[in-house]
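Number of protein chains: 2
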Amino acid sequence: MLLYQQIKQYITALIGNKERDVKLPSERQLLEKFHSSRITVREALFRLETEGLIYRQNRKGWFVSPARLRWNPIKKANYYQLAEEQGFIPQTRLLHIQDTVAPKVVCRAFEQDATDVCWEVFRVRSLDGRPVMLEEIFCQKQAFPNLYQKALEGSITALFSQEYNITISSEQSSITVTALPDDKAELLSLNAGAPCLKIIRQRFCQQNKLIDYNIEYWVHGAIEIEVKSH
Amino acid sequence: MLLYQQIKQYITALIGNKERDVKLPSERQLLEKFHSSRITVREALFRLETEGLIYRQNRKGWFVSPARLRWNPIKKANYYQLAEEQGFIPQTRLLHIQDTVAPKVVCRAFEQDATDVCWEVFRVRSLDGRPVMLEEIFCQKQAFPNLYQKALEGSITALFSQEYNITISSEQSSITVTALPDDKAELLSLNAGAPCLKIIRQRFCQQNKLIDYNIEYWVHGAIEIEVKSH
DNA sequence: CAGTGGTCTAGACCACGAT
DNA sequence: TCGTGGTCTAGACCACTGG
Chain P
6 MLLYQQIKQY
16 ITALIGNKER
26 DVKLPSERQL
36 LEKFHSSRIT
46 VREALFRLET
56 EGLIYRQNRK
66 GWFVSPARLR
76 WNPIKKANYY
86 QLAEEQGFIP
96 QTRLLHIQDT
106 VAPKVVCRAF
116 EQDATDVCWE
126 VFRVRSLDGR
136 PVMLEEIFCQ
146 KQAFPNLYQK
156 ALEGSITALF
166 SQEYNITISS
176 EQSSITVTAL
186 PDDKAELLSL
196 NAGAPCLKII
206 RQRFCQQNKL
216 IDYNIEYWVH
226 GAIEIEVKSH
Chain V
6 MLLYQQIKQY
16 ITALIGNKER
26 DVKLPSERQL
36 LEKFHSSRIT
46 VREALFRLET
56 EGLIYRQNRK
66 GWFVSPARLR
76 WNPIKKANYY
86 QLAEEQGFIP
96 QTRLLHIQDT
106 VAPKVVCRAF
116 EQDATDVCWE
126 VFRVRSLDGR
136 PVMLEEIFCQ
146 KQAFPNLYQK
156 ALEGSITALF
166 SQEYNITISS
176 EQSSITVTAL
186 PDDKAELLSL
196 NAGAPCLKII
206 RQRFCQQNKL
216 IDYNIEYWVH
226 GAIEIEVKSH
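If you're matching them up, the sequences are chains P and V in order.
Going by our numbering, the residue at position 54 of the first sequence is 59; the numbering climbs one at a time, nothing skipped.
Going by our numbering, the residue at position 64 of the second sequence is 69; the numbering climbs one at a time, nothing skipped.
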């Protein structure tokens, strides 16, 4: 068996005994234990990261991944409710809100001129204190006056409905795997280049007008998507 | 800017000019061009792989990824039809079919004793000659007599319906990101350890009895999942 | 401050692919 | 046979974390 596979196996066994979020031995400790080199140790760690069993925090170390949040994109479930049902403590943090000229894809989705202005809301969502998702929400400025004064750390859907009387009636998501971009990784205090799930959600009102365009980056080991059809 | 980022940028620009599936310069060529080392060159290549822009074939080299297949797990769409609509040439290859004692998870799903016997069908699906998905189908042997004699390279749904008069009426999928396991990677002539989408599909008849339990491994850069809800 | 991971070098040998 | 990627060594310096 290859050396990095042995190291992988050793760490996997370690994880079996550990609680969520526990720190693993440092790369140099592992290297000494296996009379190996950092390259090989890191090969093993990266594979486990891709499998979703462990995750990195920039320059802090490697940690055991907690259970995945099971999420159904069809049900218009509230993040807080969903997380609590599954035994997590959920949290949302507003990073910033600003008005901006939206990227071209977003403008096209709104069928508007590039000169029109959007709100851009950046939020981070956590489970048990661990950041698991970065969210970038675009919506038209003129449709949501004074949005920056509202409570943006809760459910956006509820806010749209209660404060602006706008109800979401349908939704379209696109799910791909990609690498966490550098700027997004920094905001999640994670490492760039790790795999992540990128979910683009477009939500529409009853008149089929686009209400918001959301780009979500999920730490890939933190989520499992469930879909049912009848 | 970091060296591996420069190399990434260079390759990204290269890709812009290339057709799908074109081979990239070898690692050693890139290394010389940037007066660098293989570690650094590979860092750049791995990140592009995670982003889905390029893929590896074991010991053959690195290639430019074609466009992604857009797939909607809700619509009970036929693979061939879907692929052709999007301009791909689809293909299915039967690797083998055997009767086997199913893994415990599968037995539990069928609510049967571990001693009961299942069919296990292994297939690889390709787009334009590139393997993109490995599929492992479990179904109960007594429900599908002589399955091994049937045409197993087409739609299983159609086969169930035409040959056994069994119709799928609902379906439940679970989607996660993980690493391609070694044995699966070999069957796809790809490299182990690359990210992949793992989709577990359970399909039920009108009486809500489980008909088949499918485990699919998708080359992550080859697929984009689309979900709509109303 | 010591310890961590992040980046990087300059090599090596091997199994396998294409020819 | 030669070139490819796959695995591996034994170092190095840096930025940042945590005490």
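Ideal Cβ placement from N, Cα and C applies to all residues, glycine included.
Beta-carbon proximity check, residue i vs residue j, cutoff 8 Å
i        : j        : result
P:Leu99  : P:Leu157 : yes
V:Val126 : V:Leu193 : no
P:Thr45  : P:Ile20  : no
P:Ser174 : P:Cys210 : yes
P:Ile102 : P:Tyr169 : no
V:Leu195 : V:Arg61  : yes
P:Phe68  : P:Leu8   : no
P:Leu58  : P:Thr17  : yes
V:Gly159 : V:Thr97  : yes
V:Pro71  : V:Arg25  : yes
P:Pro200 : V:Pro186 : no
V:Phe143 : V:Ala184 : no
P:Ile145 : P:Phe115 : Residue identity differs from the one stated: residue 145 of chain P is Gln in this sequence, not Ile. Going by C-beta atoms, P:Gln145 is nearer than 8 Å to P:Phe115.
Exposure label - residue i; buried when at least 16 CB within 10 Å
i        : result
V:Val224 : buried
V:Asp217 : buried
P:Ala163 : exposed
V:Lys189 : buried
P:Thr55  : buried
P:Ile94  : exposed
V:Lys203 : buried
P:Gln207 : buried
P:Val122 : exposed
V:Arg52  : buried
V:Gly134 : exposed
V:Ala82  : exposed
V:Asn22  : exposed
P:Gly92  : exposed
P:Glu238 : The displayed coordinates of chain P run from 6 to 235. Any statement about residue 238 of chain P would go beyond what the structure contains.
P:Gly66  : exposed
P:Glu48  : buried
V:Asn63  : exposed
P:Asn219 : buried
Residue i: contacting residues in chain P (beta-carbon distance under 7 Å)
i        : result
V:His225 : Val182
Short CB-CB distance (under 8 Å) between residue i and chain V
i        : result
P:His40  : no
P:Glu191 : no
P:Thr55  : yes
P:Glu229 : yes
P:His44  : According to the sequence shown, residue 44 of chain P is Ile rather than His. By this cut-off, P:Ile44 is an interface position.
P:Gln25  : One point to set straight first is that residue 25 of chain P is Arg, not Gln, in the sequence displayed. No, its Cβ sits nowhere closer than 8 Å to a Cβ of chain V.
Within-8 Å CB hit, residue i to chain P
i        : result
V:Pro150 : no
V:Val232 : yes
V:Gly198 : yes
V:Ile79  : yes
V:Leu139 : no
Where residue i meets chain P, residues with beta-carbon distance less than 8 Å
i       : result
V:Thr97 : Under the 8 Å cutoff, chain P gives no residues; its nearest Cβ is about 22 Å from V:Thr97.
Listed by chain order, chain V residues near residue i by CB distance under 9 Å
i        : result
P:Glu176 : Val232, Lys233, Ser234, His235
P:Arg52  : Ala184, Ala197, Gly198
Within chain V, the residues that residue i reaches when beta carbons sit closer than 7 Å
i        : result
P:Pro30  : What P:Pro30 touches in chain V: nothing, since even the nearest Cβ is about 21 Å away.
P:Leu202 : Val182
Cross-chain neighbours of residue i in chain V, by beta carbon under 8 Å
i        : result
P:Ile220 : Chain V residues near P:Ile220: none, gap ~14 Å exceeds 8 Å.
Residue i: contacting residues in chain P (beta-carbon distance under 9 Å)
i        : result
V:Ser179 : Arg75, Glu229, Ile230, Glu231, Val232
beta-carbon residue i near the ligand GTP non-hydrogen atom, thresh 7 Å
i       : result
P:Ser42 : Among the components of this structure there are no ligands whatsoever, and the ligand GTP is therefore not found.
* **Inter-stretch contact at 8 Å, needing at least 3 Cβ pairs: the stretch 167–179 of chain P / the stretch 213–231 of chain V** => yes
* To do: Evaluate contact between the stretch 141–157 of chain P and the stretch 38–58 of chain P, counting only Cβ atoms and requiring at least three cross-stretch pairs below 8 Å.
  => no
* Any 3 or more C-beta pairs closer than 8 Å across the stretch 105–123 of chain P and the stretch 132–139 of chain P -> no
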